[in-house]
């Protein structure tokens with residue numbers, strides 16, 4: 156049974172797919188987005204120890220060069236996340252897929268399904284596949300993956316048998332903008348979207364409306380036209396950029412006007428997309 | 221200590237005495253000059269003052285002492301009741317047969333049917349002076365939907381739904397919809413979503429084996445916008461009452477064609493405060509004794525109403541078969557379970573707290589089970605609908621309640637995460653054949669995902685929860701306890717304008733005393749946990 160690094164879990168979420176869902180966030184992401192809202196999930200902890208002295212509860216310790224975290228005395232103040240100079244956190248824990256699924260099953264009666272996100276969940280493909288497989292084998296829950304879409308076809312093939320559907324970020328349609336925002340080309344993202352759509356495993360595309368990058372109608376129209384060309388009927392969720400959790404230059408970005416987001420929702424619908432939502 | 225629910229001049233044994241005449245006149249004058257009451261509300265208040273000059277129906281000295289101590293509370297029901305507290309007529313009777321009293325023939329089409337119902341409602345008494353039950357409005361009107369064009373049907377239902385709010389300005393007035401999808405019911409849900417009126421208070425009878433999924437999703441979407449309808453566990457209620465039951469007023473349950481003579485309640489917090497001894501003796505002695513006197517008080521009121529006032533001999537509702545004494549019962553309510561449990565735990569030197577710890581939660585279930593048993597041991601007068609026993613009701617509170625949590629609820633702002641919340645409440649609900657309500661607060665991300673709320677509803681109902689009330693943190697309608705008021709009415713009342721809704725006057729004090737506006741939202745963040753700790 157594979158082991159994976161889990162950033163955290165949520166026992167209920169209304170915003171990660173259909174129905175009430177249990178969410179597993181995996182640690183580690185290949186993208187480095189300017190506006191990342193949970194940058195503490197990007198890198199694996201390098202045990203630098205900066206966080207240890209700031210912990211008010213004494214829940215962090217460094218011994219033999221390794222930073223360890225004691226869950227039972229942690230007060231969840233997130234001070235360690237705030238001070239981490241390395242876009243990581245000391246609270247990610249190593250778990251087997253079995254342990255993850257035991258945690259999920261405690262809440263089975265309350266949820267429609269499980270969504271695995273991150274970080275970037277496809278960065279731990281064997282672990283991801285094991286978690287999804289066990290959920291499918293042992294529960295009646297649906298399985299979703301929330302991803303940046305950068306994974307190769309091989310990774311999608313690996314998890315396909317245990318995967319119900321996906322939520323994929325398309326951070327910008329124009330590749331130059333995408334590279335500025337994320338540090339990566341969107342070529343593989345577009346391919347993944349087409350692949351998942353052809354398998355009827357694409358539930359929703361997510362687009363963060365980021366000031367100066369994607370707060371324009373051209374990007375929206377290009378995105379919508381692309382989605383309309385796909386095999387299955389996919390939803391689009393527009394997410395208003397918020398500075399919460401961000402580090403670096405995005406902290407000072409303005410929040411887009413609600414009227415702009417509403418106009419974008421209207422435009423996407425006018426172009427023919429049926430399922431369009433926006434964040435609050 | 222004198223009970224706050226008694227008026228300052230009341231004398232339970234003898235009625236108004238000469239030395240309290242000045243107090244009585246002052247109350248009358250205060251009512252006459254109260255700018256926050258409409259004329260109708262003044263008339264009702266004056267009638268209540270007059271009624272309360274009477275002695276109570278005769279009870280033993282000990283039972284009267286319990287009333288005076290506030291252990292037993294009469295819920296402002298008056299010293300000498302002259303109509304049942306709750307009446308739930310079978311409105312299909314006048315629709316089918318017409319009414320000699322109203323001089324109306326049987327309804328032949330939707331025009332007739334809507335006219336008949338709106339006329340009928342003004343003749344149905346209750347504690348509030350308004351009807352507390354509009355009937356299963358979808359089933360009542362569905363048979364007439366084909367008698368007019370679709371457009372006419374829609375217009376008639378629109379008029380009907382609007383007039384319920386304008387003619388019956390009282391938030392307790394309760395309509396029922398479901399469990400089966402009907403065209404009338406669908407239109408009513410649409411109208412209720414559109415209007416956002418306080419009236420009707422609305423319950424949706426739900427059985428996942430009978431109700432279409434998109435129909436209940438519509439009901440949940442309405443609830444996320446307006447805090448109603450309430451999702452009612454139809455299977456469970458059918459097991460107690462059969463198909464033909466009413467959800468009326470503050471989630472009270474009894475048969476259609478009947479009602480409840482009275483609702484009198486125990487204050488568990490006051491009982492624990494008066495109790496000297498340990499938890500076991502509370503369960504075996506105080507609880508049992510209180511139950512006995514509660515039923516005695518209830519019986520005295522039932523006997524007075526039926527045998528002295530002769531309500532059922534004098535009412536045309538009974539004469540024409542809209543109601544029948546054999547469908548009546550009486551409700552024994554309670555409040556303050558949370559405080560009772562926490563005080564008993566504290567006395568044992570334990571920090572276990574209701575809603576949060578299993579030992580406290582287990583004690584709560586023991587209290588409820590024992591009280592239920594003790595109540596059902598006592599024969600109840602004129603309660604044929606429930607095998608001559610009272611029915612047990614988790615009461616939703618009145619405006620004078622301070623630091624007393626309604627029924628079996630967890631105190632506002634102390635609610636655990638929703639899963640634990642459901643698991644705290646569900647084990648009691650099987651005992652509450654007279655109704656109960658549990659309120660769950662959702663933030664507005666739920667509005668985009670009513671199916672997620674439905675997941676919670678399913679989990680709750682499967683565990684035995686009897687009624688799931690959805691409240692959205694920022695709705696324009698504020699849930700007081702079992703009824704709703706408009707935010708704007710609360711503001712008006714605070715600024716001393718009178719408001720149309722009689723129930724809003726009760727609500728403004730309730731809001732301030734019970735902290736409804738602060739009712740905690742189940743923010744998703746609360747469930748964020750780190751690593752593998754998912755508590």
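Protein chains in written order, with my numbering: chain F, 156 to 435; chain S, 221 to 755. Beta carbons: idealized from backbone N, C-alpha and C, even for Gly.
{"Asked": "Spatially closest choice to residue 315 of chain F from F:335, F:427, F:291 and F:334, by CA coordinates", "Found": "F:291"}
{"Asked": "8 Å Cβ cut-off: residues of chain F touching residue 435 of chain S", "Found": "By Cβ distance, chain F contributes nothing, its closest Cβ being about 17 Å from residue 435 of chain S, past 8 Å."}
{"Asked": "Cβ-based contacts, 7 Å cut-off: residues of the segment 206-234 of chain F near chain S", "Found": "226, 229 and 231"}
{"Asked": "Length-filtered (3 minimum) beta strand (DSSP E) runs lying within the segment 362-419 of chain F", "Found": "390-395"}
{"Asked": "Rounded Cβ spacing between residue 336 of chain F and residue 346 of chain F (contact assumed at less than 8 Å)", "Found": "So it is not a contact: roughly 18 Å between Cβ atoms."}
{"Asked": "Beta-carbon neighbours of residue 435 of chain F, restricted to chain B and to distances below 7 Å", "Found": "Of the chains in the structure shown, none is chain B; the protein chains are F and S."}
{"Asked": "Start and end residues, beta strand (DSSP E) containing residue 611 of chain S", "Found": "611-614"}
{"Asked": "is_contact[residue 237 of chain S, chain F] using C-beta, thresh 8 Å", "Found": "no"}
{"Asked": "Short-range partners of chain S found in the segment 170-196 of chain F, where Cβ spacing is below 8 Å", "Found": "170, 173, 174, 175 and 176"}
{"Asked": "7 Å Cβ shell around residue 747 of chain S - same chain, five flanking residues per side excluded", "Found": "The predicted position of residue 747 of chain S is uncertain, since its pLDDT is 29 and thus under 50; no value can be drawn from it."}
{"Asked": "Start-end ranges of the beta strand (DSSP E) lying completely within the segment 570-642 of chain S, minimum 3 residues", "Found": "611-614"}
{"Asked": "Beta carbon proximity, residue 442 of chain S to chain F, threshold 8 Å", "Found": "no"}
{"Asked": "Nearest-angstrom beta carbon gap, residue 548 of chain S and residue 603 of chain S [assumed within contact, 8 Å]", "Found": "7 Å"}
{"Asked": "Cβ-Cβ distance between residue 304 of chain S and residue 481 of chain S below 8 Å", "Found": "yes"}
{"Asked": "Endpoints, the beta strand (DSSP E) within which residue 216 of chain F is located", "Found": "215-218"}
{"Asked": "Status (buried if at least 16 other CB within 10 Å, exposed otherwise) for residue 410 of chain F", "Found": "exposed"}
{"Asked": "Close Cβ partners of residue 266 of chain F (< 6 Å) along its chain, the five nearest in sequence each way excluded", "Found": "175, 176 and 177"}
{"Asked": "Neighbour flag for residue 253 of chain F against chain S, beta carbons, 8 Å", "Found": "no"}
{"Asked": "Residue-chain proximity (residue 265 of chain F, chain S), Cβ-Cβ < 8 Å", "Found": "yes"}
{"Asked": "Neighbour list for residue 676 of chain S in chain F, Cβ cutoff strictly below 7 Å", "Found": "175 and 265"}
{"Asked": "Rounded separation between residue 739 of chain S and residue 427 of chain S - CA only", "Found": "Residue placement at residue 739 of chain S cannot be trusted, given a pLDDT of 46 that sits under 50; what the coordinates show is reported in the next sentence. Going by the C-alpha atoms only, they are around 28 Å apart."}
{"Asked": "Rounded C-alpha distance that separates residue 333 of chain F from residue 366 of chain F", "Found": "14 Å"}
{"Asked": "Helix, strand or coil at residue 316 of chain F [DSSP, three-state]", "Found": "helix"}
{"Asked": "The beta strand (DSSP E) enclosing residue 274 of chain S, as first and last residue numbers", "Found": "Neither: residue 274 of chain S is in no beta strand (DSSP E) and is coded neither H nor E."}
{"Asked": "When S:407, S:338 and S:323 are compared against residue 385 of chain S, the one with the closest alpha-carbon", "Found": "S:338"}
{"Asked": "Complete runs of the alpha helix (DSSP H) confined to the segment 296-356 of chain S [at least 4 residues]", "Found": "312-317 and 330-341"}
{"Asked": "Inside the segment 503-533 of chain S only - alpha helix (DSSP H) runs reaching at least 4 residues", "Found": "507-523"}
{"Asked": "Extent of the continuous alpha helix (DSSP H) run through residue 536 of chain S", "Found": "536-539"}
{"Asked": "Element boundaries [beta strand (DSSP E), containing residue 224 of chain F]", "Found": "221-224"}
{"Asked": "Under the three-state DSSP convention, the category residue 473 of chain S falls into", "Found": "strand"}
{"Asked": "Assigned exposure category for residue 484 of chain S - 16 Cβ within 10 Å defines buried", "Found": "buried"}
{"Asked": "As assigned by DSSP and simplified to three states, the class of residue 426 of chain S", "Found": "strand"}
{"Asked": "Per DSSP, cross-strand counterpart(s) of residue 547 of chain S", "Found": "Residue 547 of chain S pairs with nothing; no bridge assigned."}
{"Asked": "As assigned by DSSP and simplified to three states, the class of residue 144 of chain F", "Found": "Since the first residue shown for chain F is 156 and the last is 435, residue 144 of chain F is missing from the structure and cannot be characterised."}
{"Asked": "Cutoff 6 Å; reference residue 383 of chain F; Cβ partners in own chain excluding five residues on either side", "Found": "427"}
{"Asked": "Beta carbon of residue 510 of chain S nearer than 8 Å to that of residue 291 of chain S", "Found": "yes"}
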